[in-house]
Amino acid sequence: MSANVLIVDDAAFMRMMVKDILSKNGYNVVGEAENGAIAVDKYTELTPDLVIMDITMPEMDGLQAVREIRKRAPEARIIMCSAMGQQAMVIDAIQSGAKDFIVKPFQADRVLEAVAKALK
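In this text, residue positions in the sequence shown follow full-length UniProt numbering: the first is 1, and each later residue adds one.
(1) In the UniProt domain "Response regulatory" (4-119), which residue ranges form an unbroken beta strand (DSSP E) of at least 3 residues, counting only runs that do not cross its ends?
(2) Can you name, in chain order, every residue of its own chain whose Cβ lies under 6 Å from the Cβ of Asn-28, other than the five neighbours on each side?
(3) Nearest to Leu-63 by alpha carbon, out of Ala-11, Arg-77 and Asp-92?
(4) Pick out whichever of Lys-24, Val-40 and Lys-120 has its Cα sitting closest to the Cα of Asp-9.
(5) Assuming Cys-81 and Met-60 are in contact, meaning their beta carbons sit under 8 Å apart, how far apart are those beta carbons, in whole angstroms?
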């Protein structure tokens, strides 16, 4: 059975890139969201096996969304991604409950490695 994934990024192009990598490797992309507020609603509605979420987004950023999702579903598996390789944000993301962190631009191997690890 392939895992269901929710992709969250304010850039449609980035969502498309991640979706492409996952789809080609047997994962099922069940939803997309362009900000953290929509992500929280979609998570509740779809209960995906994994969320891949950008940190920097309008309305509600990824860190706030991770905290909100984990409040509702402590077992949620979330991988954060951001163009900024800022140490503080990585630490914040992990402390907020993220399983891993991917830096943009995405490398397919790294995305797949993080997904496999998070789903174990």
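Note that the Cβ used here is the ideal one computed from N, Cα and C, for glycine as well.
Quick answer:
(1) Entirely contained in the UniProt domain "Response regulatory" (4-119), the beta strand (DSSP E) runs reaching 3 residues are, in chain order, 4-8, 28-33, 50-54, 78-82 and 100-103.
(2) In the sequence shown, the residue the question calls residue 28 occupies position 28. Ser-2 and Asn-4, listed in sequence order.
(3) As a working mapping, residue 63 is identified with position 63 in the sequence shown. Looking at Ala-11, Arg-77 and Asp-92, the one whose alpha-carbon comes closest to that of Leu-63 is Asp-92.
(4) Residue 9 sits at position 9 when you count from the first residue of the sequence shown. Nearest of Lys-24, Val-40 and Lys-120 to Asp-9, Cα basis: Val-40.
(5) Counting from one through the sequence shown, the residue named residue 81 turns up at place 81. Counting from one through the sequence shown, the residue named residue 60 turns up at place 60. That belief does not hold up - the Cβ atoms of Cys-81 and Met-60 are roughly 16 Å apart, past 8 Å.
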